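Contents: one structure, followed by commentary.
Structure (structure tokens):
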């Protein structure tokens, strides 16, 4: 029985004979798993799989890194961060380089761990680099709930949190269907996807196992052949219609929408989150009066086009030459999940 | 963007849960989910249980693909 | 006064005078004593004719003691295993300590005892040593460097350049346990799991394999960088491709769990008691048979084969049957969260 549905799904994928289509994954973990599993090999020639802007590391602009480096070097702040951000190049240096110079950069598993560290080290000033989409943001908010409850005053966030809905709209023309990021939808629910269908934007909410990805691609191709805008939740064991109301409430309690820059894509109005005025005691930008950073980026880098599926990583003149995972120039090479890094590492 | 790992809830106290992900144990926040009980499976992302998991990916695939054809 | 002095290593212990002597006698000589251990400036040893292998390795690990081992055991295993990878039977080791001022004497005692136990098990003698004490903060606890020599039997010729298309790739046990153990022992991530280091001397395993067949092309000790890095090195050195079957790779369940939480690849976590063995396909059964009887190699498995195509690359056959490239090794292992 189960073996059969896997075969059916693979048959749907292999036998796709519709028009040329572009499917965009907008989740770094999808990019990663699709490469790890060799999913591209299964897709027929008429299907382009584009790695869109799904990794918060990739879309975080250089001036954000500059701010974090400034905190570590000029203010002696202990910067707590997810591992992915450590090698991201800023205008002058990465956090790894700031650490080598003596800056305190601590890799944490979660914002909660960063808050614990602050609580245990009252003599240090601790800032958590709060990046991420709707999946990650509630955790950052929970760390503030805890900081305020436990009176942890040496803890704050440097926010670069982002939300996906406006990004789908901005990328509407770049893909025929999105592989929606399952864990974002676990928080937001699926209402937003239904809204997008009305605007002519199609997609399938996908999980992350081999079965789930194969299912999602099969559904996507079957629906694309019908030619109508569509939405399917192919990850119902985790993603519910209503998402996580508590997660959304927490985000709304602590943060509000703002315009924000996506590395490579520019400013997308209303796609960012910043701390509300009432929470400014936890806003590192206010607390440490961080000056405005003017980021410099490499002119030859084509990350922006890669993120929009307008070119492949290998089309960029820097790819594999001036820009490699060990010495990244562009955002897409920085994170293991970045499209360029994944292409480079998996030799595609 | 979001590495998630399924884990089993071992015990719960004051909105915190100790979960077991294939033998790796970690205390995480369970504040996003209501009525969790030990033995439930949750999806863990960056120290937070973001969703309850119902069923496995194989059955889910069977249902979805059967519906499609 | 006398009691206090004994509790921690002081700069005076590295001064070369009476206290240095005391340290040597009370700890190192106590454990390392054997007929070849020199009291002079150098050990004088007799060797048979033939080829010898020689290797040196420095050890830094934080914490110095961890589940399944400590820096002492590690420092013996590391050099013993490097020698064994050339098919050599390890014979003599030297060791040099750099100890941080204030290092607990009791801990140093445990580390030396562990070195002696491991050396005895590996059948190797410690013949010379050196002790330096560095000021507080100049080293992290204790650093140990070991150098060893061993004799290579007739007819044995292993080298990273000798992998040939059609050969099988064997690992001698589950991968990534040492790296995972250290990661957990540092307590940076608040994750708890029942994982112990695979740290072990493997000279016995190599000897057993060579007695089953001398026709082994490559033996590599998968330490820092893990099995993935070793496979890439072999692919490069031999100018061949390596294809591994993802499903046949032995990984401890808890190691998998930790890797899942932190977004790490077990193939790139360090091992300290795992060999990658490459041999002609028709020797695989004989090798597996002896390995599975070994104390540290019971879970040995064939994980893949050497190919002609994709030279210099390591590919994986995935759970859905397609082929993908194992990401090449790079940089510091960073937990991947988002």
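Protein chains in written order, with this note's numbering: chain A, 350 to 697; chain B, 534 to 602; chain C, 132 to 469. Backbone N, C-alpha and C define an ideal beta-carbon position, used for all residues, glycine too. Keep in mind it's a predicted model, so treat the numbers as computed, not measured.
Which residue wins for smallest C-alpha separation from residue i, given the options the options?
i, options, result
"residue 368 of chain C", "C/292, C/457, C/176, C/301", "C/292"
"residue 479 of chain A", "A/621, A/575, A/448", "A/621"
"residue 225 of chain C", "C/211, C/236, C/233, C/217", "C/211"
"residue 461 of chain A", "B/600, B/554, B/580", "B/580"
"residue 644 of chain A", "A/431, A/679, A/450, A/633", "A/679"
"residue 512 of chain A", "A/415, A/597, A/640", "A/597"
"residue 514 of chain A", "A/418, A/539, A/393, A/413", "A/539"
"residue 593 of chain A", "A/486, A/454, A/466", "A/486"
"residue 609 of chain A", "A/428, A/591, A/408, A/665", "A/408"
"residue 283 of chain C", "C/266, C/345, C/231, C/329", "C/345"
"residue 252 of chain C", "C/336, C/319, C/453, C/302", "C/336"
Mind listing the chain A neighbours of residue i? Cutoff is C-beta to C-beta under 9 Å, in chain order.
i, result
"residue 176 of chain C", "Those do not exist, as residue 176 of chain C stays about 43 Å from chain A at its closest Cβ, beyond 9 Å."
At least one CB of chain B closer than 8 Å to the CB of residue i: is that the case?
i, result
"residue 496 of chain A", "no"
"residue 573 of chain A", "no"
"residue 461 of chain A", "yes"
"residue 342 of chain C", "no"
"residue 193 of chain C", "no"
"residue 697 of chain A", "In this prediction, residue 697 of chain A has a pLDDT of 49, which is less than 50 and means its spatial position is unreliable; what the coordinates show is noted afterwards. Taking Cβ atoms only, chain B never reaches closer than 8 Å to residue 697 of chain A, which makes this a no."
"residue 400 of chain C", "no"
"residue 510 of chain A", "no"
"residue 350 of chain A", "Model confidence at residue 350 of chain A stands at a pLDDT of 43, short of 50, so the residue's coordinates are unreliable and nothing is read from them."
"residue 363 of chain A", "no"
"residue 398 of chain A", "no"
"residue 633 of chain A", "no"
For the beta strand (DSSP E) containing residue i, list its first residue and its last residue.
i, result
"residue 214 of chain C", "It is not in any beta strand (DSSP E) - residue 214 of chain C instead sits in the alpha helix (DSSP H) that spans 202-216."
"residue 526 of chain A", "526-530"
"residue 580 of chain A", "580-582"
"residue 258 of chain C", "256-265"
"residue 392 of chain C", "Careful: residue 392 of chain C lies outside any beta strand (DSSP E), inside the alpha helix (DSSP H) at 384-393."
"residue 282 of chain C", "273-283"
Less than 8 Å between CB atoms is the rule here; does residue i satisfy it with respect to chain C?
i, result
"residue 584 of chain A", "no"
"residue 432 of chain A", "yes"
"residue 565 of chain B", "no"
"residue 554 of chain B", "yes"
"residue 657 of chain A", "no"
"residue 559 of chain A", "yes"
Span of the alpha helix (DSSP H) holding residue i?
i, result
"residue 251 of chain C", "236-253"
"residue 688 of chain A", "688-694"
"residue 653 of chain A", "652-656"
"residue 385 of chain A", "377-386"
"residue 560 of chain A", "559-575"
"residue 420 of chain A", "411-423"
"residue 221 of chain C", "Segment 220-231 is the beta strand (DSSP E) holding residue 221 of chain C; no alpha helix (DSSP H) there."
"residue 488 of chain A", "486-499"
Just to make sure I have the definition right: I need the residues of chain A whose C-beta is within less than 7 Å of the C-beta of residue i. Which are they?
i, result
"residue 599 of chain B", "354"
Along chain B, which residues have their Cβ under 7 Å away from the Cβ of residue i?
i, result
"residue 389 of chain C", "557"
"residue 227 of chain C", "By Cβ distance, chain B contributes nothing, its closest Cβ being about 37 Å from residue 227 of chain C, past 7 Å."
"residue 593 of chain A", "565, 583, 584"
"residue 486 of chain A", "Ordered by position in chain B, no residue passes the 7 Å Cβ test against residue 486 of chain A, which lies about 10 Å from the chain."
"residue 535 of chain A", "576, 583, 584"
"residue 394 of chain C", "536"
"residue 410 of chain A", "Chain B residues near residue 410 of chain A: none, gap ~16 Å exceeds 7 Å."
"residue 491 of chain A", "562, 564, 581"
For residue i, go through chain B and note every residue whose CB falls closer than 9 Å to its CB, in chain order.
i, result
"residue 440 of chain C", "Under the 9 Å cutoff, chain B gives no residues; its nearest Cβ is about 32 Å from residue 440 of chain C."
I want to verify the contact list: residues of chain C whose CB lies under 8 Å from the CB of residue i, in sequence order.
i, result
"residue 391 of chain A", "451, 453"
Hey, is residue i's beta-carbon within less than 8 Å of any beta-carbon in chain A?
i, result
"residue 283 of chain C", "no"
"residue 579 of chain B", "yes"
"residue 317 of chain C", "no"
"residue 267 of chain C", "no"
"residue 314 of chain C", "no"
"residue 332 of chain C", "no"
"residue 543 of chain B", "no"
Which chain B residues sit within Cβ distance under 8 Å of residue i?
i, result
"residue 323 of chain C", "557, 558, 559"
"residue 467 of chain C", "536"
"residue 567 of chain A", "598, 601"
Below 7 Å on C-beta distance, what does residue i contact in chain C?
i, result
"residue 674 of chain A", "461"
Taking residue i as the query, report the chain A residues whose CB atoms sit under 8 Å from its CB, ordered along the chain.
i, result
"residue 320 of chain C", "457, 458, 462"
Segments assigned beta strand (DSSP E), at least 3 residues, entirely inside the segment 348-375 of chain C: 349-352
Completely contained beta strand (DSSP E) runs for the segment 418-461 of chain C, where each covers 3 or more residues: Within the segment 418-461 of chain C, the complete beta strand (DSSP E) runs of at least 3 residues are 432-438, 445-448, 454-456.
message: Quick check for students: name the residue ranges of the alpha helix (DSSP H) that lie wholly in the segment 146-189 of chain C, counting only runs of 4 or more.
response: 149-154
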